[in-house]
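S.K.: As they're listed, the protein sequences go chains A and B.
Using the numbering used here, the first residue of the first sequence is number 1, and each one after it goes up by one.
Using the numbering used here, the first residue of the second sequence is number 257, and each one after it goes up by one.
We treat Cβ as the ideally placed atom computed from N, Cα and C, and that holds for glycine.
Number of protein chains: 2
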Amino acid sequence: MKTKPLILVTNDDGIRAPGLRSLIEVMTKIGEVVVVAPDSPRSGMGHAITINSPLHCDKIKVTDGPQLEYSCSGTPADCVKLAINELLNKKPDLCVSGINHGSNSSINVVYSGTMSAAIEAGIEGVPAIGFSLLDFKWNADFKPLKKYIKKISLEALEKGIPKDVVLNVNFPLLQNTKIKGMKICRQARAHWIEEFDKRTNPMGREYYWLTGTFINEDKGEDTDEWALNNGFISIVPTQFDLTAHHSLQRLNTWTL
Amino acid sequence: MKTKPLILVTNDDGIRAPGLRSLIEVMTKIGEVVVVAPDSPRSGMGHAITINSPLHCDKIKVTDGPQLEYSCSGTPADCVKLAINELLNKKPDLCVSGINHGSNSSINVVYSGTMSAAIEAGIEGVPAIGFSLLDFKWNADFKPLKKYIKKISLEALEKGIPKDVVLNVNFPLLQNTKIKGMKICRQARAHWIEEFDKRTNPMGREYYWLTGTFINEDKGEDTDEWALNNGFISIVPTQFDLTAHHSLQRLNTWTL
Numbered sequence: 001m002k003t004k005p006l007i008l009v010t011n012d013d014g015i016r017a018p019g020l021r022s023l024i025e026v027m028t029k030i031g032e033v034v035v036v037a038p039d040s041p042r043s044g045m046g047h048a049i050t051i052n053s054p055l056h057c058d059k060i061k062v063t064d065g066p067q068l069e070y071s072c073s074g075t076p077a078d079c080v081k082l083a084i085n086e087l088l089n090k091k092p093d094l095c096v097s098g099i100n101h102g103s104n105s106s107i108n109v110v111y112s113g114t115m116s117a118a119i120e121a122g123i124e125g126v127p128a129i130g131f132s133l134l135d136f137k138w139n140a141d142f143k144p145l146k147k148y149i150k151k152i153s154l155e156a157l158e159k160g161i162p163k164d165v166v167l168n169v170n171f172p173l174l175q176n177t178k179i180k181g182m183k184i185c186r187q188a189r190a191h192w193i194e195e196f197d198k199r200t201n202p203m204g205r206e207y208y209w210l211t212g213t214f215i216n217e218d219k220g221e222d223t224d225e226w227a228l229n230n231g232f233i234s235i236v237p238t239q240f241d242l243t244a245h246h247s248l249q250r251l252n253t254w255t256l
Numbered sequence: 257m258k259t260k261p262l263i264l265v266t267n268d269d270g271i272r273a274p275g276l277r278s279l280i281e282v283m284t285k286i287g288e289v290v291v292v293a294p295d296s297p298r299s300g301m302g303h304a305i306t307i308n309s310p311l312h313c314d315k316i317k318v319t320d321g322p323q324l325e326y327s328c329s330g331t332p333a334d335c336v337k338l339a340i341n342e343l344l345n346k347k348p349d350l351c352v353s354g355i356n357h358g359s360n361s362s363i364n365v366v367y368s369g370t371m372s373a374a375i376e377a378g379i380e381g382v383p384a385i386g387f388s389l390l391d392f393k394w395n396a397d398f399k400p401l402k403k404y405i406k407k408i409s410l411e412a413l414e415k416g417i418p419k420d421v422v423l424n425v426n427f428p429l430l431q432n433t434k435i436k437g438m439k440i441c442r443q444a445r446a447h448w449i450e451e452f453d454k455r456t457n458p459m460g461r462e463y464y465w466l467t468g469t470f471i472n473e474d475k476g477e478d479t480d481e482w483a484l485n486n487g488f489i490s491i492v493p494t495q496f497d498l499t500a501h502h503s504l505q506r507l508n509t510w511t512l
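1. Where do the ends of the alpha helix (DSSP H) carrying D334 (chain B) lie?
2. Return the chain-ordered list of same chain residues with a C-beta closer than 8 Å to the C-beta of L88 (chain A), the five sequence neighbours on each side being excluded.
3. Confirm, please, whether the CB-CB distance from T370 (chain B) to G386 (chain B) is below 8 Å.
4. Rounded to the nearest angstrom, what separates R21 (chain A) and T511 (chain B) at their Cα positions?
5. Check the Cβ-Cβ distances between W254 (chain A) and every residue of chain B, and say whether any is below 8 Å.
6. Output the residue ranges of the alpha helix (DSSP H) runs that lie fully inside the region 71-158 of chain A and measure 4 residues or longer, sorted by chain position.
7. Which of the three DSSP states is assigned to S503 (chain B) in this structure?
8. Specify, as a first and last residue, the run of the beta strand (DSSP E) that A208 (chain B) falls within.
9. For H101 (chain A) and chain B, any beta-carbon pair shorter than 8 Å?
10. Verify the CB distance criterion: does M459 (chain B) have a CB-CB separation below 8 Å to chain A?
11. Give a yes or no on whether the minimum CB-CB distance between K151 (chain A) and chain B is below 8 Å.
12. Leaving aside the five residues before and after H47 (chain A) along the sequence, list all residues of the same chain whose C-beta is less than 6 Å from its C-beta, in chain order.
13. In angstroms, rounded to a whole number, what distance separates the CA positions of E414 (chain B) and A446 (chain B)?
14. DSSP three-state label for W209 (chain A), please.
15. Just checking: is the beta-carbon of V110 (chain A) within a distance shorter than 8 Å of some beta-carbon in chain B?
16. Flag P348 (chain B) as yes if its beta-carbon sits less than 8 Å from any beta-carbon of chain A, otherwise no.
17. In terms of alpha-carbon separation, which member of A:L248, A:T238, A:R250 and A:G31 lies closest to I119 (chain A)?
18. Do you know how far the Cα of L279 (chain B) is from the Cα of I417 (chain B)?
19. Per the DSSP calculation, F470 (chain B) is bridged to which residue(s)?
20. Am I right that I51 (chain A) and F240 (chain A) are in contact with their C-beta atoms under 8 Å? What's the rounded C-beta distance?
21. By Cβ distance below 7 Å, which residues in the same chain neighbour V292 (chain B) in space, the five residues on each side in sequence not counted?
22. If you follow the beta strand (DSSP E) that P38 (chain A) is part of, which residue opens it and which one closes it?
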């Protein structure tokens with residue numbers, strides 16, 4: 001690529017999140033960067049879009065650097081729609097989302113605002129990658145991730161991501177050990193068992209907090225969960241054709 | 257099935273929506289019905305869940321009938337989590353979501369609150385079906401759909417929906433013609449081209465309304481779009497393993 005690639009950067013933890021700032025630092029070394037991110041955290045937003053209320057979008061500058069930045073009142077998917085269809089004057093060469101503070105591996109991909117932004121870009125024909133670190137802390141250490149993010153992004157720009165596929169990249173939480181490498185994986189079969197913490201407010205009305213326990217039912221060594229639990233970075237090619245093609249034939253035996 | 261099946265009913269248009277009321281009427285003829293639905297419309301919510309604020313849930317009665325009803329302050333996915341993990345004392349035999357006022361065919365499945373509720377049930381191991389009518393009107397005529405919904409639901413209860421698969425059922429908008437039948441389909445490849453309607457509020461601040469045009473790039477006669485445009489009900493088996501298995505091999509050629 002002779003001219004600098006145009007890179008759209010977004011996330012779901014909000015435009016001031018340290019994970020986003022780390023991602024911007026890596027991307028400004030690779031290309032021309034435009035940031036369009038939610039004005040406040042939007043975790044667990046899934047692929048929500050804003051239909052029934054107006055969107056605000058302000059040009060701001062959170063940290064020094066060559067990047068352009070826009071703060072948006074919408075969801076992560078809104079940010080991508082607004083960027084591609086309104087704010088940018090050409091289609092980005094790459095869209096990166098994250099670095100998410102927390103896991104988007106296995107079934108978490110379904111609830112993830114980070115991945116919904118990347119998927120939205122993919123739907124609109126823009127190569128896209130979501131990055132997440134298995135650490136919920138606001139001040140998590142993103143520094144060791146940078147060289148891997150650069151490598152994956154450059155490879156994506158050079159080789160191209162398969163059509164209608166978006167990459168879901170998760171980094172393991174490491175304390176004293178080092179990252180062992182990267183693995184192309186499939187999404188592990190897993191689910192959450194919810195526990196609702198039931199309380200009573202000062203006015204006597206009951207309410208619930210959603211909490212839960214993650215259950216991995218899938219011990220396959222080709223899964224993202226296995227990779228992450230064994231010190232590897234997981235890269236799952238993720239698609240938005242949700243058709244369960246393998247079950248078409250069985251359903252055709254139904255009497256309808 | 258000797259005892260009456262337990263059926264969980266939910267939606268994304270809110271507990272007072274006529275589409276939900278029609279679905280309840282069908283389901284009370286089949287089984288024991290518990291309704292857990294959002295207290296107000298939650299369209300375009302995708303698979304959002306409520307992590308950062310408490311959930312309220314009130315037992316109410318909107319229309320006469322044998323069903324139990326709960327109105328919930330959360331998203332469609334929250335409603336299903338709350339129902340399965342907290343409100344019901346056994347796992348439902350079926351979860352139905354809808355009838356959505358509007359289309360959830362092709363790429364719309366990704367943005368759909370209706371389908372996110374069905375998918376959440378699927379993730380938790382409950383057979384699930386989302387129903388939608390291609391008519392956004394609040395007073396749309398749901399009556400002609402009832403016999404089809406009953407047939408599909410009875411077939412699902414009897415034959416079982418394949419594991420890790422959720423059905424996405426869409427009904428065509430018909431004026432003077434009749435429904436031609438039902439078709440098992442794949443999700444058409446399509447996307448929206450967004451148009452942002454930019455305005456200025458009385459205080460001089462700019463804002464946007466999200467609007468768009470649906471673009472179907474896929475003329476396949478095995479797609480949901482083809483079926484709906486030709487007077488058929490489309491049934492797409494939908495999965496929540498988002499892995500693009502076909503692209504694993506190609507990504508393994510990357511230098512990582």
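M.R.: Concretely, from the data shown:
1. P332 to L338
2. L6, L8 and V34
3. Going by beta carbons, G386 (chain B) and T370 (chain B) fall inside the 8 Å limit.
4. 26 Å
5. Taking 8 Å as the threshold, the shortest C-beta distance from W254 (chain A) to chain B falls below it.
6. 76-82 and 113-123
7. helix
8. Residue 208 (chain B) lies beyond the range of chain B shown here (257 to 512); nothing can be said about it.
9. no
10. no
11. By this cut-off, K151 (chain A) is an interface position.
12. A77 and S116
13. 33 Å
14. strand
15. At least one beta carbon of chain B lies nearer than 8 Å to the beta carbon of V110 (chain A).
16. no
17. A:T238
18. Using only the alpha carbons, I get a separation of about 19 Å.
19. B:W448
20. Actually they do not touch by this definition, with Cβ atoms about 19 Å apart.
21. L264, T266, Y326, C328, C335, L338, A339 and L343
22. E32 to P38
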